[in-house]
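Just so you know, the protein sequences line up as chains A and B, in that order. The numbers in UniProt numbering rise by one with no breaks, and the one at position 730 of the first sequence is 730. The numbers in UniProt numbering rise by one with no breaks, and the one at position 174 of the second sequence is 174. Take a look at the structure set out below.
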Amino acid sequence: MGQTQISTGNEGQVTIYCIDTDGDSHGGGQEMERESKNQKEKKTEKGGATRSRRRRSEERSEERSESSRDGRKDRRRGGKEGRRRGRQGKEEEIKKDRKNNKNEKAKKQLESNTNHSKSSSSSSSSEEEEEGEKEKVGDEEFVVGSLSPEELERLKEAVDERKKLITTLRGKPWPMRKKLPTLRESQLFVEKYEGALGKGRGRKLYAYKVMMRKKWMKFERDLENFKTACIPWEMKIKEIESHFGSSVASYFIFLRWMYGINMILFSLTFGLVMVPEALMGRPYGSIPRKTVPREEQASAMDFAVLWDWGGYAKYSVLFYGYYNNQRAVGWLKFRMPLSYFLVGVGTVAYSYMVVIRTMARNAKEDGGGDDTSFNFSWKIFTSWDYLIGNPETADNKFASITTSFKEAIVEEQESRKDDNIHLTRFLRVLANFLVLCCLAGSGYLIYFVVRRSQKFALEGLDNYGWWERNEVNMVMSLLGMFCPMLFDVISALENYHPRIALQWQLGRIFALFLGNLYTFIIALMDQINLKRAEEEIVKFNMTAWQANLYNGTIPENSTAPPITVDPADVPRGPCWETMVGQEFVRLIISDTMTTYITLLIGDFLRAVLVRFLNHCWCWDLEYGFPSYSEFDVSGNVLGLIFNQGMIWMGAFYAPCLPALNLLRLHVSMYLQCWAVMCCNVPQERVFKASGSNNFYMAMLLVILFLSTLPAIYTIVSIPPSFDCGPFSGKSRMFDVIQETLESDFPAWFGKVFSYASNPGLVLPFLLLMVLAIYYLHSTSKTYKHANLELKKKLQAQSEENKKKNKLAAQKAANDLEQAKIMAAAEQQEKEEKQTNNNASRRGEERVIAIAF
Amino acid sequence: MGSRASSLLREEDIEEIKKETGFSHSQITRLYSRFHSLDKGENGALSREDFQRIPELAINPLGDRIINAFFPEGEDQVNFRGFMRTLAHFRPVEDNEKNKDPTAEPLNSRNNKLLFAFRLYDLDRDDKISRDELLQVLRMMVGVNISDEQLGSIADRTIQEADTNGDMSISFSEFIKVLEKVDVEQKMSIRFLH
């Protein structure tokens, strides 16, 4: 590290740099900016090289596929996981290697420093002196605007020098505490005087332009960063994607999408139903439906009651029963019942719209294009990700490439194999039979349990323990946990292609959940009927009570309002709507709890045990039996979908459901992200996520439809309770529309509406719509067919070409060979003619034999 | 190191490299310092071992092939000029230079990028990827997880797909055809820092 070298080096650079900036000073500005950003980052970390390399890789990865983040992310995690998998030796080796790379600069820096101090103190001091001199040159005050050409020249040189210094600062063998102030000072200097270097008169304008360009670039870059930062959980999901592949990431993306939808549902119900009622409606305790009854008041604040959503929670804005049937509330004259009804309909309509739109978009994305024609070639030539720099990730990539090849081979074989079709058929029928048995059994079990719980409810829950009270939810959760495992075992009989098997499995779990849900709903219907019978009795008693009240207390003044009675003492109906809402809320809560507990026990505890017991166990726990759990994408997606179905179903009777769900999804996001990263291992079976995406969506649509059915049924066909909820006193809930039409709109509008809703007009319209759908469907089918035909034709053409070429090539080769043989034969013939005639005949025969 | 590194780089060299590869001045100096830090032997040229110290290349199943691509045939040292010439394949295509100089094809054109990729697979440099070469590459990519027979069938299928003239190997033109729909300009580009 000679002192002289450095100084000459600096001189050389200066000259080079001058030329460069003369040619293109804009470039210089940009360059500087980028550099300075790099340098700023460097401040935070001593091993500057690592950071800058990381940044470099970051920049690259922005351009390329997201999976390229693997390398960077893995670097951080690699150590932990690598050890977990028991590959310490390799890991350490790589680590050492990496460390070498990282710190090589820092080391050299150190070395050079020691060299300096060893060789002579004078040299280092002289170096510093020189630097100081340079700074002095720079620090001379230049008055912009009044510069002679020489001064300008000098200024230019100084600025260039500074720029050069900034670019090369990293490599300088100085200690950090010297680098930083130098850097800062140089940056300031360049910033200040660079603008003054413009030519001739437009100096100020030029300076301004340079400044604005810099500012603009910075702004643009910040905006980009900001945009990425604005997408919620983007980094988390990317991190997971880099470790677990796109299929696991697709679950989290789905979760995020769901969160977005629930956000809208929540803001609708919260903003248009709950807040207006809470702020503008009558306060708590003013009317019977808003008051806790006298007999419940003692225990209304107990945690056990509140946890069960009774007591104060039941008589609050969270449930249907609390809402008043007052037509307009507050100074805004807010139409509360109408709003309640429209929000209920609107949430469902919005969900339909979003789901269908997303499905259509997905279909557009994966439709069309002959991407399959070079399937294998693409796999070979383009599958490796060249930015992977971490052994762990590389292993994963190896595995996924192998899997994709295996999958391709399986597909090839699948299309050809036809072994013992009768046995396979029999096994498949048997498997389906078994699954049906399971489904029927679980359905019956739930029905039985629900019936039993009704009996318990009639007799009063206080006599029973915790299990009896939570039996229904527990049984449902347990079934949801164990039946899928059973199905998995059964599906081994069927011998399907893995992807098809996965879809069957999903379909079966779907059927199970659906069956459970519907059994639950049917039981709920029974309960509703019971409550309504009870309500009739209460109604009858009510009149008697009222008569009694008037007779007893104020016998002579019958017009006086019963205001003297405390609202808590008024007898009231059972309010089946609130009961339904409560049931759904309880179901959601228990479902959430089960999910989290299984997550903690099944994933976290297992991982902890496997990790720490492995040191003192007979066999290898990590590779052997328990191992770490994999992330179960299909199960989680189904859970999410059913959860959403319950929200759609129950939101009408419990406006708090979307809020609860939002909370649940939010917690899920963090908890599951954490659980995946800390206790799961990547899947063995990697399947493409994009294909199954629309499958999930289709299931969501089915669930949406099935969950709106019962809700609509109850709204349309069951009369609302007489003394609770926004629709009390009406014979049907949708009467609120008619009422609004009559009283809030002009008469002609009502007339037009009634004409329009005439069956004579509605039916033809429906018919027309069906026809249109049919027409569009058949056209799209035709197009698809035509597309397929064309594709086939193209394939056939290329094959034919191939054959033709092959034939031609063969023919040419044959011709060539024949010609050669003939030539050889002729020559031989000539030679042999001179000696022996017989021999020539033999030779000819030989030639003929070869030729054929 | 940067200062010393760029001090060894003469101005004329930079100009020539600039002309040849299209890199900007500062990119060249930056890459030179990188080159220098890779150069453990400090002799102004890189050996294969120097490349193998880069983790991305050490892990890559085709790493050896990529490293090979840096070296001219028969040599096991590469100087800075050669280094830059190879790296120039990965320079992103910029909009303004597309129609600048139609006569001389720059190193980072689509064709040259593809040719670079093609050479990775063409082990014996006969401008054809044969079945054996494919098998070797496949073996590198999947390790020992798949049987020879299956790999053979994959190689056969690949050739069957890509081969149009019936010579049972993939020529460069066929290779181009296969990757026609792949965005090579973007995928085979590294955004070098300015």
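Don't be surprised by glycine CBs; every beta carbon is placed ideally from N, CA and C.
Span of the alpha helix (DSSP H), counted from its first residue to its last, around residue i
i: residue 656/A; result: That residue, residue 656/A, is in no alpha helix (DSSP H); it is neither H nor E in DSSP.
i: residue 428/A; result: 421-459
i: residue 88/B; result: It is not in any alpha helix (DSSP H) - residue 88/B carries neither H nor E in the DSSP assignment.
i: residue 152/B; result: 148-162
i: residue 467/A; result: 466-491
i: residue 636/A; result: 633-650
i: residue 185/B; result: 184-187
i: residue 50/B; result: 48-52
i: residue 592/A; result: 576-598
i: residue 176/A; result: 176-193
i: residue 75/B; result: Per DSSP, residue 75/B belongs to no alpha helix (DSSP H) and is neither H nor E.
Minimum Cβ-Cβ distance from residue i to chain A less than 7 angstroms
i: residue 86/B; result: no
i: residue 78/B; result: no
i: residue 178/B; result: yes
i: residue 157/B; result: yes
i: residue 13/B; result: no
Contacts that residue i makes with chain B (C-beta to C-beta distance below 7 angstroms)
i: residue 405/A; result: 142, 146 and 154
i: residue 806/A; result: 166
Test: residue i CB closer than 7 angstroms to a CB of chain B
i: residue 394/A; result: yes
i: residue 421/A; result: no
i: residue 380/A; result: yes
i: residue 264/A; result: no
i: residue 704/A; result: no
Chain C within 7 angstroms of residue i, Cβ atoms only
i: residue 182/A; result: The structure shown contains no chain C; its protein chains are A and B.
Per-residue contacts from residue i into chain A (C-beta, under 7 angstroms)
i: residue 150/B; result: 409
i: residue 182/B; result: 382
i: residue 47/B; result: The premise fails here: residue 47/B is roughly 16 angstroms from chain A at the closest Cβ pair, so nothing lies under 7 angstroms.
Residue j beta carbon less than 7 angstroms from that of residue i
i: residue 654/A; j: residue 749/A; result: no
i: residue 380/A; j: residue 150/B; result: no
i: residue 728/A; j: residue 594/A; result: no
i: residue 128/B; j: residue 173/B; result: no
i: residue 185/B; j: residue 93/B; result: yes
i: residue 81/B; j: residue 108/B; result: no
i: residue 658/A; j: residue 269/A; result: yes
i: residue 48/B; j: residue 120/B; result: no
i: residue 538/A; j: residue 573/A; result: yes
i: residue 51/B; j: residue 67/B; result: yes
i: residue 680/A; j: residue 604/A; result: no
i: residue 169/A; j: residue 193/A; result: no
i: residue 453/A; j: residue 475/A; result: no
i: residue 633/A; j: residue 251/A; result: yes
Interface residues of chain B facing residue i [CB-CB closer than 9 angstroms]
i: residue 802/A; result: 160, 163, 164, 165 and 166
i: residue 809/A; result: 165, 166 and 167
Rounded distance between the beta-carbons of residue j and residue i, thought under 8 angstroms
i: residue 354/A; j: residue 708/A; result: The Cβ separation is near 14 angstroms, so there is no contact.
i: residue 162/B; j: residue 377/A; result: 5 angstroms
i: residue 663/A; j: residue 352/A; result: With 8 angstroms as the limit, residue 663/A and residue 352/A do not qualify as a contact, their Cβ atoms being about 24 angstroms apart.
i: residue 17/B; j: residue 84/B; result: 5 angstroms
i: residue 322/A; j: residue 315/A; result: 6 angstroms
Within chain A, partners of residue i - CB distance below 9 angstroms
i: residue 138/B; result: 380 and 405
i: residue 130/B; result: Per Cβ cutoff of 9 angstroms: no residues; residue 130/B is ~13 angstroms from chain A at best.
Per-residue contacts from residue i into chain B (C-beta, under 8 angstroms)
i: residue 228/A; result: Ordered by position in chain B, no residue passes the 8 angstroms Cβ test against residue 228/A, which lies about 17 angstroms from the chain.
Contacts of residue i in chain A (Cβ-Cβ under 8 angstroms)
i: residue 134/B; result: 380
i: residue 173/B; result: Chain A residues near residue 173/B: none, gap ~13 angstroms exceeds 8 angstroms.
i: residue 109/B; result: The premise fails here: residue 109/B is roughly 18 angstroms from chain A at the closest Cβ pair, so nothing lies under 8 angstroms.
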